[in-house]
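Notes for the one structure printed next.
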Amino acid sequence: MSTFELVLMVFAVILAAAALGVVYRMIVGPTILDRALASDSLVTLVVMGMALYVAQTGTAWAGPAMLGLTGLAFIGTVTFARFVAREDSRQGIQSHYAAEPATETAPHEAIHPDPATGPIPEDGPDDHSAPPPQEDLWGAADPPEDPERPGEPDPSGFGIEGPPRWPEEPTEGER
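FYI, in the numbering used here the residues of the sequence shown are 1 to 175.
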């Protein structure tokens, strides 16, 4: 038995001992959070054991399996965390706004106004109209329109000079 195989065997024994502790935590609990954490840890230990197997044998099939297991563990952990976040930690009941997870702060009343009290008092009247079209918004007036071609600028107005050219750019006859 080589040194590398001996090191792998020691790591396998450590992983087996950790797996026994994790399985005990899954069975005993005492809370659902302990069991969920133990199941996530068990998947991690299985992936580590598969990595030891790959290190010893050099097989390639275990790589995608390890990726799949870690993805499954991640999705399970996120799902469980979202499930726990929806409960009110003070009483174990659903939060007031069931569509959103509970937060450390209260819900934003601007988003969820109380229908019994009406609109929020600091809101003024709804006077958010657009400025009149004659008002110059950018500091420059629009070019005059050509009466023969509505919607297009007058040839003597804006845009007749064409795009700016760089000084070293050749013109039509200088190529």
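Glycine included, every Cβ here is placed at the ideal spot set by N, Cα and C.
**Item:** Residue of Val47, Val22 and Gly49 minimising C-alpha distance to Arg35
**Value:** Val22
**Near the ligand NAP: Val28 beta-carbon under 8 Å from a heavy atom** = The ligand NAP is not part of the structure shown, which contains no ligands of any sort.
**Request:** Report, in whole angstroms, the separation of the C-beta atoms of Ala73 and Thr44, which I expect to be a contact under 8 Å.
**Result:** 7 Å
**Cutoff 7 Å; reference Phe11; Cβ partners in own chain excluding five residues on either side** = Leu52
**Asked** Is it true that the CB of Gly49 sits closer than 9 Å to the CB of Leu15?
**Response** yes
**Under the three-state DSSP convention, the category Pro64 falls into** = helix
**Request:** Could you give the DSSP three-state label for Arg82: helix, strand or coil?
**Result:** helix
**Prompt:** Cα separation between Ala18 and Ala81?
**Reply:** 24 Å
**Item:** Cβ-based neighbour list, Val47, same chain, cut-off 7 Å, excluding 5 preceding and 5 following
**Value:** Met66, Leu69 and Thr70
**Prompt:** Rounded to the nearest angstrom, how far is the Cβ of Leu8 from that of Ala55, given a contact under 8 Å?
**Reply:** 6 Å
**Prompt:** Leaving out the 5 sequence neighbours to the left and right, which residues in its chain are closer than 7 Å to Ser2 when beta-carbon positions are compared?
**Reply:** none
**Request:** Within its chain, find whatever has a CB closer than 7 Å to the CB of Arg25; leave out the 5 residues flanking it on each side and keep chain order.
**Result:** Asp34 and Ala38
**Asked** In whole angstroms, what is the alpha-carbon distance linking Ile27 and Thr59?
**Response** 33 Å
**Item:** From Trp61, Asp40 and Gly29, residue whose alpha carbon lies closest to that of Thr77
**Value:** Among Trp61, Asp40 and Gly29, the Cα nearest to that of Thr77 belongs to Asp40.
**Message:** Quick check on the DSSP output: the alpha helix (DSSP H) that includes Ser41 runs from which residue to which?
**Reply:** Ile32 to Thr57
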